[in-house]
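Below is one structure, written out as structure tokens; comments come after it.
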Amino acid sequence: MDISVVVPLFNEEESLPELTAWIDRVMAANHFSYEIILVDDGSKD
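Residue numbers (the working numbering): 4 to 48.
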């Protein structure tokens, strides 16, 4: 694995699919092996 992308979240239900799709596109375009770590602490959504 080349990169770990750590994303703090708080009430991001609506924007999460767009964000992860963007990360996927950028990483694939650069041929990186990666993981996305989503950190949520107390969201209401």
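Cβ atoms here follow ideal geometry from the backbone N, Cα and C, with glycine treated the same way.
Residue interval of the beta strand (DSSP E) (run including residue i)
i          : result
residue 43 : 37 to 43
residue 7  : 6 to 12
Spatial neighbours of residue i in its chain, beta-carbon cut-off 7 Å, leaving aside the 5 residues before and after
i          : result
residue 16 : 48
Cut-off 8 Å between Cβ atoms - residues of its own chain near residue i, not counting five sequence neighbours on either side
i          : result
residue 5  : 35, 36 and 37
residue 13 : 43, 44, 45 and 46
Residue i - containing alpha helix (DSSP H), residue span
i          : result
residue 21 : 19 to 32
Residues near residue i in its chain [Cβ-Cβ closer than 6 Å; skip 5 each side]
i          : result
residue 42 : 11
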